[in-house]
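Encoded as C-alpha cells, the structure appears first; notes follow it.
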Amino acid sequence: MSSTRRSVGGTTWSRRRLMGTAAAAGFAAATGGRAARAARPTAQGATEITFWTPGGSPIFCDTHSAVAADYAAVNPDVRVNFQCGTGEGFMERFLGAVAAGNPPEATVLWDTPVSLGVQGALRPLDDLMPTGEYTPVENWPAGVLASCQFGGQTWGLPAAAGTYGIWYNEELFEAKGIPTDRASFPKTWDELRALSKEFTLWEGDRLVQAGMVPFNDPASFAPTLPIWSALNGGQLFDGENQRYTLDAEANVAMLDYFLAWLDDEYRGDFAQLQRSGAWWTYPSDEGQPPEFQAGRLAMVEQGSWVMGDFYAYDEPGFTRWNVASYPVGPGGTSTKSGYWPNWLAIPAGTEHPEEAFGYLDYMSGVGIAKIFTVVPDMPTNAKVEPGVPNIVVERRGQEFGEDVMAFFRGQLDIVIPMWDSPVQSFAQDQITVALEQVFTKQAAPQEALAAAQRACQAELEKVLAGAA
Amino acid sequence: MAMALPARWNRAAGGSLRRREARAGLLFILPWLVALLVFSVYPVLGTFGLSFTDYNVIEAPRWVGLDNFRRMFGADPDFWPAVQNSAFYAAVSVPLRLVMALALALVLNLGVRGIGLYRVIFYLPALVPPVAATIVFMLMFNLDTGPINLALQAVGLAPPDWLRDPAWSKPALIILSLWPLGVEVLVFLAGLKEIPQDLLDAAAIDGATPWRRFLGVTLPLLTPVVLFNLVIGVIYSFQVFVPAIIIGGTTGEPLGSTLMFMVLIYRNAFRYFAMGYAAAQAMVLFVAVAALTLLIFRSARFWVHYEGGDQ
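In order, the protein sequences belong to chains A and B.
The first sequence lines up with residues 281 to 748 when you count with our numbering.
The second sequence lines up with residues 6 to 316 when you count with our numbering.
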C-alpha cells in the first residue's frame, strides 16, 4: 500500500501521511495554537512579514531561511519571519489563522490555491502580478498558471513544479538489447505495454520484476490520472465550463485499457500485485523498498523531484536512469505532461500585501532558483534559469544533468491544466475510491466513474452556489 | 453563663454562614466552571448552531436548515459505511480492551518482586504518540516480514494481508487499539486495591477456588470500575481517528473498510471545507454516544454492584 508522495531534500512527505500526521497532531490536539501577529513594524522600522511553509526537511527549511536572509539584505525595509511548518495540521492552522484575522502575510501551499481562493481564504493577485519582476502573467507557463486561476482571478503563483515523465532503467533496457535513447522510447500505450511485458517476471505467485505498473496504487495514481486521460483524448475536469467529465467515453476506455493491462500482465490480481512490492519510487507504508531504485521495475511514471529522491533511500541498485515523454493512448493524438506545484499565495486579510507580494516575486525568481539547487522541484518562471540540481551533477555529471533539465523544461510546455478544480480534494478522494473499486474489480469502470462523476459534480455545484 | 439566642437569630446566622460557604465554594470552582463553559459548553452549542449552516470557516455561516442532516442520512454514500465501520470497531474493541485490561490488572496486582517495574512497563505504551505507534504497527502487520505474520506462520496459520484485505483491516485496527491499555489497567488496579482482603480471605477459608473467588467476590466488587472503563471505552472507540487515517487515508483504504466516523468528520471539515456539514455529523456522533452512554448507565442497575447497596 503506497501513496502519493512529494519529497523535499532527503525527506519524503506522503500526501496521505501528511494528512495522517496532520490529523494526529493537528486535529486530535484541536486547532489551538495562536499565530503570532503576521506583520508588524520591527524595532528598526522595517516591516516584518511572516512567511509559512506547510513543512519540509531541514535542508528545505534552512534554504528558505537563507533566502529570507538574502531578501532582507537587499530589502532592508522588510524583514521576513520564516516559519517552517512541521507538516502537522497545516491546513487547520492556516484556516484558523485566516478565520481569526491573523494570517501569515504569505505562504507556500501544497494544495491547490483554487479551492482556497473559492472559499475566500486567499487574496487574488491579479492587481499585483504586473508590478513584479518575475510575476507578470506572460512569465508563467499557461498550463501551470491555470492551477491558480478560477473565476477570472489568480489565487497563487506556481513558483516551482515537479514535471512528470516516464523514468526508465537504462541498464535493464540494455540487458535486453532495447535501445536506451529517449527517441526510441515507446510512443503509444500499446508499445509501452508490449515493452513492459518483456520485463515482467513471475516466480510462482510472486511478481519478482515488473515492466511498468502505472496503476500501482489508487491514491498515487489519482493525481496523475488527468495526464493519462489527456493522453487518451479525454479530460477529467473541464475548468472552462466548470464541470466534471469523469465518466466520458475516453475515460471509461482508459480504465478498460488499464484493467486489460492488469489482467494480461499482472494476472488480474491487484492485491497480489501490491503484495509483491512497492512498484514505484517510494517505500510502501509497510516498509517495502522502492522497486524502481532496487532495479526490479523497468519504468515508472514520476515527477522531476525524483532527481533527488532517487538517492534518498538505500543506495540504488543501478546507476543509469533516464526519462522520456508519455506515450499516447489509443484515443489521443499527442503526448502531454503534467505537474505538481509548490504554490505561493497571500491569505485574505493580510496587513501588508504589497510587501508580501514583493517577497513572493523574489521567491518566484531568485529564491526558487536557490532552493532548486538542493530540492529539485523545477522553477517554472520563464525568467529563471534553474541550472542542474547538485545531486544529479554529483551522480551523473553536468552534461547528463543539463540534458534531463532540458527535457523537464520542455515538458512544461506541454502540460495540461491540473489542480484547477474548486473541489480538488473531494474529487481526488472520489477518483481514488473509483480506481480502487475498478482495480479490485468491485465495480466496472463505467459504474465506478459514473458514481464519482455524480458525487463530484454535485459537490462542485454546491461549492459554486455557495461562492456565487 | 451562655445566653440562649432566639431561634430565628440562629436561623439567620446559619443562613448567612451557608451563603458565605456557598459563595466561597462557588469561587473555588469558578475557574473550572469558566473553563467548562468556554471550552466545552460553548463549543458544543456552537457546533449545534453550525450544524444548520453552510460554513467554510472563512466566510460567514449561511443558514440551510436541515439540509446537512438530509444529505447525511439520504445522500452521502460514505455516511452509513462509516457508521457501520465505527459501530463494528466499538462493538469488538471495547469488550476486548476491557477483558485484556482486567486480565493485565489482575496479573499486575500480584505481589511479586519487581511488580512496580512491570506496572511501569505496561503503562509505557499509553505514552507513545499514536502516530508513531500506528506506523510501527503497520510495519508489524507487513505480510511477509512483519513479526505478527511470522508468528502466525510459525504456528502453521495462513498469514492475512492485514492492511490490504478489507476483511482484515478492521481487525488490524482493533488489535492496534489493544496496545495502549495503560489507563484502563491503572483504573482496574486502583479498583482491585479497594477490594477488602478479608472478603477474599473469608471466601478462601470457605474453600472457594481462585477462579470462584474472582467470579464471586472480585468481579462483583469491581463492577463500578468496569462501568467506568466501559463508558470511557465506548466514547473513546467512537472517536478512533489517528490509526484509521494513517492506515486508510481519507478514503478508508482498502475499499472504505477503515473509514471511521471521525475521519469522515475530519475530511469534511478540513479537507473539503464543509465545516457546517462536519458540525452536523459531529452532533449526530455526540447524540449517538450520549444515547449509548445513557443506555449503559440505565443498564448498570442490573449488573453494577456498589458496596453498601448504593446504586
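Where a beta carbon is used, it is the ideal one built from N, C-alpha and C, also for glycine.
Exposure of residue i, with buried meaning 16 or more beta-carbon neighbours within 10 Å
{"i": "residue 400 of chain A", "result": "buried"}
{"i": "residue 478 of chain A", "result": "exposed"}
{"i": "residue 642 of chain A", "result": "buried"}
{"i": "residue 559 of chain A", "result": "buried"}
{"i": "residue 120 of chain B", "result": "exposed"}
{"i": "residue 746 of chain A", "result": "buried"}
{"i": "residue 227 of chain B", "result": "buried"}
{"i": "residue 24 of chain B", "result": "exposed"}
{"i": "residue 614 of chain A", "result": "exposed"}
{"i": "residue 201 of chain B", "result": "exposed"}
{"i": "residue 158 of chain B", "result": "exposed"}
{"i": "residue 756 of chain A", "result": "Since the first and last residues shown for chain A are 281 and 748, residue 756 of chain A lies out of range."}
{"i": "residue 476 of chain A", "result": "buried"}
{"i": "residue 304 of chain B", "result": "exposed"}
Range covered by the beta strand (DSSP E) that runs through residue i
{"i": "residue 428 of chain A", "result": "No beta strand (DSSP E) holds residue 428 of chain A; DSSP gives it neither H nor E."}
{"i": "residue 363 of chain A", "result": "358-364"}
{"i": "residue 444 of chain A", "result": "437-449"}
{"i": "residue 654 of chain A", "result": "Residue 654 of chain A -> no beta strand (DSSP E), and no H or E assigned at all."}
{"i": "residue 492 of chain A", "result": "486-492"}
{"i": "residue 332 of chain A", "result": "327-333"}
{"i": "residue 85 of chain B", "result": "Taken as a continuous stretch (DSSP letters only), residue 85 of chain B belongs to no beta strand (DSSP E), being part of the alpha helix (DSSP H) at 84-113."}
{"i": "residue 583 of chain A", "result": "577-583"}
{"i": "residue 80 of chain B", "result": "Per DSSP, residue 80 of chain B belongs to no beta strand (DSSP E) and is neither H nor E."}
{"i": "residue 541 of chain A", "result": "That residue, residue 541 of chain A, is in no beta strand (DSSP E); its alpha helix (DSSP H) goes 529-546."}
{"i": "residue 623 of chain A", "result": "619-625"}
Residue i versus residue j - alpha carbon distance
{"i": "residue 604 of chain A", "j": "residue 268 of chain B", "result": "39 Å"}
{"i": "residue 225 of chain B", "j": "residue 218 of chain B", "result": "10 Å"}
{"i": "residue 314 of chain A", "j": "residue 629 of chain A", "result": "Its pLDDT being 35, under 50, residue 314 of chain A is placed unreliably in this model, and the coordinates cannot settle the point."}
{"i": "residue 244 of chain B", "j": "residue 81 of chain B", "result": "20 Å"}
{"i": "residue 600 of chain A", "j": "residue 494 of chain A", "result": "21 Å"}
{"i": "residue 166 of chain B", "j": "residue 177 of chain B", "result": "10 Å"}
{"i": "residue 644 of chain A", "j": "residue 437 of chain A", "result": "8 Å"}
{"i": "residue 299 of chain B", "j": "residue 240 of chain B", "result": "12 Å"}
{"i": "residue 33 of chain B", "j": "residue 27 of chain B", "result": "10 Å"}
{"i": "residue 702 of chain A", "j": "residue 398 of chain A", "result": "6 Å"}
{"i": "residue 503 of chain A", "j": "residue 583 of chain A", "result": "11 Å"}
{"i": "residue 145 of chain B", "j": "residue 391 of chain A", "result": "32 Å"}
{"i": "residue 83 of chain B", "j": "residue 288 of chain B", "result": "17 Å"}
{"i": "residue 140 of chain B", "j": "residue 258 of chain B", "result": "15 Å"}
{"i": "residue 357 of chain A", "j": "residue 634 of chain A", "result": "12 Å"}
{"i": "residue 334 of chain A", "j": "residue 444 of chain A", "result": "22 Å"}
Neighbouring residues, chain A, relative to residue i (Cβ below 9 Å)
{"i": "residue 75 of chain B", "result": "Simply none; closest approach about 13 Å."}
Neighbouring residues, chain B, relative to residue i (Cβ below 8 Å)
{"i": "residue 576 of chain A", "result": "What residue 576 of chain A touches in chain B: nothing, since even the nearest Cβ is about 15 Å away."}
{"i": "residue 499 of chain A", "result": "254, 256, 258"}
{"i": "residue 706 of chain A", "result": "276, 277"}
Proximal residues of chain B, C-beta to C-beta of residue i below 9 Å
{"i": "residue 628 of chain A", "result": "63"}
{"i": "residue 399 of chain A", "result": "61, 62, 63, 64, 278"}
{"i": "residue 679 of chain A", "result": "What residue 679 of chain A touches in chain B: nothing, since even the nearest Cβ is about 41 Å away."}
{"i": "residue 746 of chain A", "result": "59, 61, 64, 67"}
Residue range of the unbroken alpha helix (DSSP H) whose run includes residue i
{"i": "residue 601 of chain A", "result": "Unbroken run through residue 601 of chain A is the beta strand (DSSP E), 601-604; no alpha helix (DSSP H)."}
{"i": "residue 695 of chain A", "result": "Note, residue 695 of chain A: premise wrong, no alpha helix (DSSP H); not H, not E."}
{"i": "residue 196 of chain B", "result": "187-199"}
{"i": "residue 591 of chain A", "result": "Element bounds for residue 591 of chain A: n/a, residue is neither H nor E."}
{"i": "residue 284 of chain B", "result": "280-308"}
{"i": "residue 735 of chain A", "result": "725-747"}
{"i": "residue 181 of chain B", "result": "171-182"}
{"i": "residue 634 of chain A", "result": "633-642"}
{"i": "residue 516 of chain A", "result": "Careful: residue 516 of chain A lies outside any alpha helix (DSSP H) and carries neither H nor E."}
{"i": "residue 386 of chain A", "result": "Where residue 386 of chain A is concerned, there is no enclosing alpha helix (DSSP H), although the beta strand (DSSP E) it sits in stretches over 386-389."}
Chain A residues whose Cβ lies nearer than 7 Å to that of residue i
{"i": "residue 147 of chain B", "result": "566, 567"}
{"i": "residue 143 of chain B", "result": "565, 566"}
Closer than 7 Å at the beta carbon, the chain B residues around residue i
{"i": "residue 394 of chain A", "result": "Result: empty, since nearest Cβ-Cβ is about 12 Å, beyond 7 Å."}
{"i": "residue 722 of chain A", "result": "260"}
Partner residues on chain A for residue i, Cβ-Cβ distance less than 8 Å
{"i": "residue 320 of chain B", "result": "Nothing can be reported for residue 320 of chain B: it is not among the residues displayed for chain B, which extend from 6 to 316."}
Residues of the stretch 709-720 of chain A whose Cβ lies closer than 8 Å to any Cβ of chain B, in chain order:
709, 712, 713, 716, 717, 720
Chain B contacts made by the stretch 550-569 of chain A, where a contact means CB separation under 7 Å:
551, 554, 555, 565, 566, 567
Name the residues in the stretch 166-178 of chain B whose C-beta lies less than 8 Å from a C-beta of chain A; which are they?
166, 168, 169, 170
Could you list the residues in the stretch 176-199 of chain B with a C-beta less than 8 Å from some C-beta on chain A, going in chain order?
none
Residues in the stretch 367-380 of chain A having any Cβ partner in chain B nearer than 8 Å:
371, 372, 375, 376, 378, 379
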